[in-house]
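Counting in the numbering used here, the final residue of the sequence shown is number 1502, and the numbers go up one at a time with none missing. Beneath this line is the structure, given in structure tokens, with notes to follow.
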Amino acid sequence: MVIVFWVGVGLWAYAYAGYPALLALLPRRAVPQSPPHTDWPLLTITVPVHNEASVIADTLDALIAVDYPPDRRHILVVSDASTDGTDAIVQRYAGQGVALFRLPERRGKTAAENAARALLHGDIVINTDASVRVDPAAIKALVRALDDPTVGVASGRDVSVSRTTASGNAGESTYVGYEMLVRDLETRAGGIVGASGCLYAIRRALHALPVPEALSRDFSSALNARLHGFRAVSVPSALCYVPRGATLRQEYRRKVRTMARGLGTLWHRRALLDPLRYGGFAWMLASHKLVRWLLPWASVAMVVALALLAYRVRLAQAALAGV
């Protein structure tokens, strides 16, 4: 039981302190400098929605106002069989470069994105969400990152806010800030293992790859990029303001959905965990995703170990009381 307890402690320490510390010790990868853009590439911004009538107008207004040539960007709203008037609101923006694609029945976010692939314009796809706000300078920052021919996916930087109309606040989630730090360290070491579902850019050829409907497309994008010889990177200047859930229960349910889909995605691409074939990427994928997702089970094992040790070890009694 003592071994079980300390193995659990070791997993927690490695996942949240040891892994970032090791990343920081790795040599920094050289970043090629791209010349200033004179002709921005054509791209499509996709916004999958389901019953977002309360926010979709503000979302589209913000996307139309981003710092990117209007004639070089196409906004595609993919309605997952919305029933609350979302589609009618989107149609009012038809004259401003916004198109609507509606699915006749609800199938989920990944299925909606899969179905819309034939309607994309340009060689770059920007994926975002109706519940977030994209910083005006974010799109150009993501496109610049893709100037590097080794980069297949460029992920935005999440900023946790109490509401989407705020540019930031003092209560920004510590976890989100920590996660962005880890992604920055991974980018320096070679590349991230998962993109932000709130905002990321991907080469159209990679986006065209099929993703099973039950899986996470943003996580899959980074894995598919690695499988096809590209890197995924985090772009600190591509800010995306993400509202926190109104209640802890809402946040918890969102985390459960994210983890469940993430585990399914990791299993689907489990070949990438082979260190003999994928080297450092396999180590980062296991450390950032697999080890962290094992921590709830490790915590249960630690509590059980303490409970069994408490019968004969006074220190274990104190630790159990603390838990």
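Glycine included, C-beta positions come from ideal geometry on N, C-alpha and C.
Distance CB(residue 1252)-CB(residue 1224) smaller than 8 Å: Yes; because the gap between Cβ atoms is below 8 Å, this pair is in contact.
Every unbroken alpha helix (DSSP H) inside the region 1430 to 1492 [4 residues or more]: The region 1430 to 1492 contains, as complete alpha helix (DSSP H) runs of 4+ residues, the segments 1454 to 1464, 1471 to 1488 (chain order).
Span separating the alpha-carbon of residue 1200 from that of residue 1279: Cα-Cα distance, rounded: 46 Å.
The beta strand (DSSP E) enclosing residue 1280, as first and last residue numbers: Residue 1280 -> beta strand (DSSP E) spans 1277 to 1281.
Residue closest to residue 1281, alpha-carbon to alpha-carbon, out of 1288, 1256, 1273, 1410: Closest by alpha carbon: 1256.
Straight-line Cα distance separating residue 1226 from residue 1296: Within the model, the alpha-carbon separation for residue 1296 versus residue 1226 is close to 12 Å.
Same chain only: Cβ atoms within 7 Å of residue 1464, ignoring 5 sequence neighbours per side: Around residue 1464: 1372, 1451, 1452.
Contact between the region 1212 to 1224 and the region 1302 to 1309 (3+ Cβ pairs under 8 Å): Judged by Cβ distances under 8 Å, the region 1212 to 1224 makes contact with the region 1302 to 1309, as three or more pairs qualify.
C-beta atoms of residue 1396 and residue 1329 nearer than 8 Å: Their beta carbons are not under 8 Å apart, which means residue 1396 does not touch residue 1329 by this criterion.
Element boundaries [alpha helix (DSSP H), containing residue 1307]: Counting along the chain, residue 1307 falls outside any alpha helix (DSSP H), though it belongs to the beta strand (DSSP E) covering 1303 to 1307.
Reference residue 1366; option with closest CA among 1230, 1392, 1410, 1386: Distances from the CA of residue 1366 to each of 1230, 1392, 1410, 1386 were compared; the closest alpha carbon is that of 1410.
Residue 1248, DSSP secondary structure in three states: Residue state, collapsed to three classes: coil.
Reduced DSSP category for residue 1199 - H, G, I as helix; E, B as strand; rest coil: DSSP, reduced to helix, strand and coil, places residue 1199 within a helical segment of the structure shown.
Neighbourhood of residue 1444 by C-beta distance below 6 Å, restricted to the same chain and skipping five residues each side: Contacts found: 1394, 1395, 1398, 1399.
Residue from 1454, 1474, 1472, 1377 with nearest C-alpha to residue 1339: Checked all of 1454, 1474, 1472, 1377; the closest Cα to residue 1339 is 1377.
Length of the line joining the Cα atoms of residue 1490 and residue 1474: Cα to Cα, the separation comes out at about 25 Å.
C-alpha distance - residue 1249 paired with residue 1435, whole-angstrom precision: Straight-line Cα distance between these residues: approximately 38 Å.
C-beta atoms of residue 1285 and residue 1216 nearer than 8 Å: Result no, Cβ atoms of residue 1285 and residue 1216 do not sit closer than 8 Å.
Length of the line joining the Cα atoms of residue 1449 and residue 1240: Going from the Cα of residue 1449 to the Cα of residue 1240 covers about 40 Å.
Short Cβ contact (8 Å threshold) for residue 1143 with residue 1208: Residue 1143 lies beyond the residue range present for the chain, which begins at 1180 and ends at 1502; the question has no answer from this structure.
Distance between residue 1422 and residue 1310 (C-alpha atoms, nearest Å): About 7 Å.
Rounded C-alpha distance that separates residue 1428 from residue 1219: Rounded to whole angstroms, residue 1428 to residue 1219 spans 43 Å at the Cα level.
Integer Cβ distance of residue 1323 from residue 1413, believed to fall under 8 Å: Beta-carbon to beta-carbon, residue 1323 and residue 1413 are separated by about 13 Å, too far to satisfy the 8 Å threshold.
Under the three-state DSSP convention, the category residue 1349 falls into: Caution applies to residue 1349, whose pLDDT of 42 falls short of 50 and renders its modelled position unreliable; the model cannot decide the point.
Residue range of the unbroken alpha helix (DSSP H) whose run includes residue 1181: First-last of the alpha helix (DSSP H) with residue 1181: 1181 to 1192.
Residue 1375 and residue 1419 closer than 8 Å at C-beta: Taking 8 Å as the Cβ cut-off, residue 1375 and residue 1419 qualify as a contacting pair.
Close beta carbons around residue 1454, own chain, < 8 Å, minus the five adjacent residues each side: Once the five neighbours on either side are set aside, the close Cβ partners of residue 1454 are 1461, 1462.
Outcome for residue 1247 when other beta-carbon atoms lying within 10 angstroms are tallied against a minimum of 16: Looking at its Cβ environment, which holds 16 or more other Cβ atoms inside 10 Å, residue 1247 is buried.
Start and end residues, beta strand (DSSP E) containing residue 1399: Counted as a single uninterrupted DSSP element, the stretch harbouring residue 1399 is not any beta strand (DSSP E) but the alpha helix (DSSP H) occupying residues 1396 to 1406.
Chain-order list of residues whose beta-carbon lies under 6 Å from that of residue 1198 (same chain, five-residue window excluded): Only 1466 meet the Cβ criterion.
Coil, strand or helix - residue 1344 by DSSP: Note that residue 1344 scores 47 on pLDDT, short of 50, meaning its location in the model is unreliable and no value can be drawn from it.
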